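**Student:**
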Amino acid sequence: MYSIKEQLLALHHSRHVTPSSLQKIILLHKQFFPNQDLLSIVPKINLSPVITKEIEKDFHHYFEQRTSEVYSQQKIKAITIYDEQYPEFLKEIPDPPPVLYVKGIPSLLKSSSKRLSVVGSRTPTEYGIKVLHYLLPPLIQAGFIIVSGLAKGIDRFAHETAIQSGGQTIAVLGNGFEHTYPAENKKLSAYIGTHHLLVSEYTPPESPKKWHFPARNRIISGLSVGTLIIEGKYKSGSLITAYSALEQGREVFAVPGQILHPNSEGPHRLIKEGAKLVAHPDDVLEELIPFI
Numbered sequence: 010m011y012s013i014k015e016q017l018l019a020l021h022h023s024r025h026v027t028p029s030s031l032q033k034i035i036l037l038h039k040q041f042f043p044n045q046d047l048l049s050i051v052p053k054i055n056l057s058p059v060i061t062k063e064i065e066k067d068f069h070h071y072f073e074q075r076t077s078e079v080y081s082q083q084k085i086k087a088i089t090i091y092d093e094q095y096p097e098f099l100k101e102i103p104d105p106p107p108v109l110y111v112k113g114i115p116s117l118l119k120s121s122s123k124r125l126s127v128v129g130s131r132t133p134t135e136y137g138i139k140v141l142h143y144l145l146p147p148l149i150q151a152g153f154i155i156v157s158g159l160a161k162g163i164d165r166f167a168h169e170t171a172i173q174s175g176g177q178t179i180a181v182l183g184n185g186f187e188h189t190y191p192a193e194n195k196k197l198s199a200y201i202g203t204h205h206l207l208v209s210e211y212t213p214p215e216s217p218k219k220w221h222f223p224a225r226n227r228i229i230s231g232l233s234v235g236t237l238i239i240e241g242k243y244k245s246g247s248l249i250t251a252y253s254a255l256e257q258g259r260e261v262f263a264v265p266g267q268i269l270h271p272n273s274e275g276p277h278r279l280i281k282e283g284a285k286l287v288a289h290p291d292d293v294l295e296e297l298i299p300f301i
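With this note's numbering applied, the sequence shown corresponds to residues 10 to 301, in that order.
See below:
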């Protein structure tokens, strides 16, 4: 008899179980069939008999390969939505990931931790980088853990500034731990995975795919009490994160920029729509006093 956690991990590794299918299985288990194995619930979500059979094969293959033992050797820990360690902040969002794979210091996900997400342009201006270096150190000194996506540009600078300022950082990935994207962040990724925390909703073998990154943005904002945007075009991943934060009922902060530069379009759009304009670290701290 496998535990519910082990069963969920086995289903999560099946190439035939989509995120929506897994959500349905979990919902049925929690609301109607709490005493049944997850595998026995699969036939109840109206998949074809062929797919159902393939899922069963994948399920048993997971255990035959001793997959969890392999991950343990690689210092990868899986936290499922059934676990006490699963972040309460994430449980509050509309579509929490069923599984988080983590590497590093899992305690950074505790509910008592103060987390602020910082995202922005992959091609920041000199102004954007200066703003980041001006705003972040006081926020880090106030105890905020910096959450970002390990992308080029502002994400990378945010992680590095947290490290250099003696703070802590969490990188939320759009791929599994067996891959690094972008490749240029390999050294930084390894450092964060040892001394800070890497987080992914994707199984370790999963390669980066275009649609993974908009999806992971909800986790970046979902882990945080607020999201700070430093540069971003009118339609960008940064804005996806900001709108995820708004949908989740979290604070959104935006730094104004040069009015003629495309990187200012995103923050200015957010400010017009009600985001808090940030010109000083205190502009963030004043809004987040309950968490300090």
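No residue lacks a Cβ here, since even glycine has one placed at the ideal position from N, Cα and C.
Since we're looking at a predicted model, the values are computed, not measured.
For Gly-241 versus Ser-130, is the C-beta distance shorter than 8 angstroms?
**Tutor:** Position 232 of the sequence shown holds residue 241. Position 121 of the sequence shown holds residue 130. Closer than 8 angstroms, so yes.
**Student:** Under 8 angstroms by Cβ, that's how I've got Pro-213 and Phe-186 pegged, so tell me the actual separation to the nearest angstrom.
**Tutor:** Position 204 of the sequence shown holds residue 213. Position 177 of the sequence shown holds residue 186. Confirmed, Cβ separation roughly 5 angstroms.
**Student:** Between the beta-carbon of Val-264 and the beta-carbon of Val-156, is there less than 8 angstroms?
**Tutor:** Here residue 264 refers to the residue found at position 255 of the sequence shown. Here residue 156 refers to the residue found at position 147 of the sequence shown. No. Outside cutoff.
**Student:** Whose C-beta lies closer than 7 angstroms to the C-beta of His-21 among residues of the same chain, with five residues either side of it excluded?
**Tutor:** For the purposes of this step, residue 21 is identified with residue 12 of the sequence shown, where counting begins at 1. So the list reads Leu-31, Pro-107, Val-108 and Thr-212, once near-sequence residues are dropped.
**Student:** Kindly indicate which three-state DSSP category Leu-260 falls into: helix, strand or coil?
**Tutor:** For this step, residue 260 is matched to residue 251 along the sequence shown. The question names Leu, but residue 260 in the sequence shown is Glu. Glu-260: strand per DSSP, three-state reduction.
**Student:** In chain order, what residues of the same chain lie with their CB nearer than 7 angstroms to the CB of Glu-78, ignoring the 5 residues before and after it?
**Tutor:** Mapped onto the sequence shown, residue 78 falls at position 69. Excluding five sequence positions before and after Glu-78, none of the CB atoms of its chain fall closer than 7 angstroms to its own CB.
**Student:** Ignoring anything shorter than 4 residues, give me the alpha helix (DSSP H) runs that lie fully in the segment 30–84, in order along the chain.
**Tutor:** 47–50, 58–73 and 76–82
**Student:** On the DSSP bridge assignment, give the partners of Gly-235 in chain order.
**Tutor:** Along the sequence shown, one-based indexing puts residue 235 at 226. Residue pairing by DSSP places Gly-235 opposite Leu-125 and Glu-260 in a beta bridge.
**Student:** Consult DSSP for Leu-206 and reduce its assignment to one of helix, strand or coil.
**Tutor:** To locate residue 206, count along the sequence shown from 1; it is residue 197. Strand.
**Student:** For Leu-109, which residues does DSSP report across the bridge?
**Tutor:** Position 100 of the sequence shown, counting from 1, holds the residue named residue 109. In the DSSP output, where bridge partners are listed per residue, Leu-109 has Ile-88.
**Student:** How long is the line joining the alpha carbons of Ile-90 and Phe-98, rounded to whole angstroms?
**Tutor:** Locating residue 90 in the sequence shown gives position 81, counting from the first residue. Locating residue 98 in the sequence shown gives position 89, counting from the first residue. Straight-line Cα distance between these residues: approximately 12 angstroms.
**Student:** Which term fits Arg-227, buried or exposed, when burial requires 16 or more other beta carbons within 10 angstroms of its beta carbon?
**Tutor:** Translated into positions along the sequence shown, residue 227 becomes position 218. Arg-227 comes out buried.
**Student:** Taking 6 angstroms as the limit between beta carbons, can you name the residues of its chain near Gly-176, skipping five residues before and five after?
**Tutor:** To locate residue 176, count along the sequence shown from 1; it is residue 167. Excluding residues within five positions, the ones whose Cβ falls inside 6 angstroms are Ile-149.
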